[in-house]
Amino acid sequence: MTTRRIILGISLAFIGLLIFVTFADAVDEGVSIRTVVSIPIIVMLGVGVIGALAQPPRR
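Numbering (the working numbering), first residue to last: 2 to 60.
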């Protein structure tokens, strides 16, 4: 297993945790400005991590 895959797995687990916490907060407290702001941030973080780590490094 390469270092890139390990970092990708850890990053995806962290993003999954952020998604879980966001939706748990939305269920408990209702949809608030905190939920609305956090969803695009999580999406941008996920796209950036997947885009950066899924591509092989340039030679």
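Here a beta-carbon is modelled for each residue, glycine too, at the ideal position from N, C-alpha and C.
Predicted model only: the values in this text are computed from it and were never measured.
Item	Value
Residue ranges of each alpha helix (DSSP H) within the stretch 7-60, 4 or longer	34-55
Nonlocal neighbours in the same chain, by C-beta distance under 6 angstroms from Arg5, ignoring five residues either side	Leu54
Separation of Asp26 from Ile11, as counted between CA atoms	23 angstroms
Proximity below 8 angstroms, CB of Ile20 to CB of Ile43	yes
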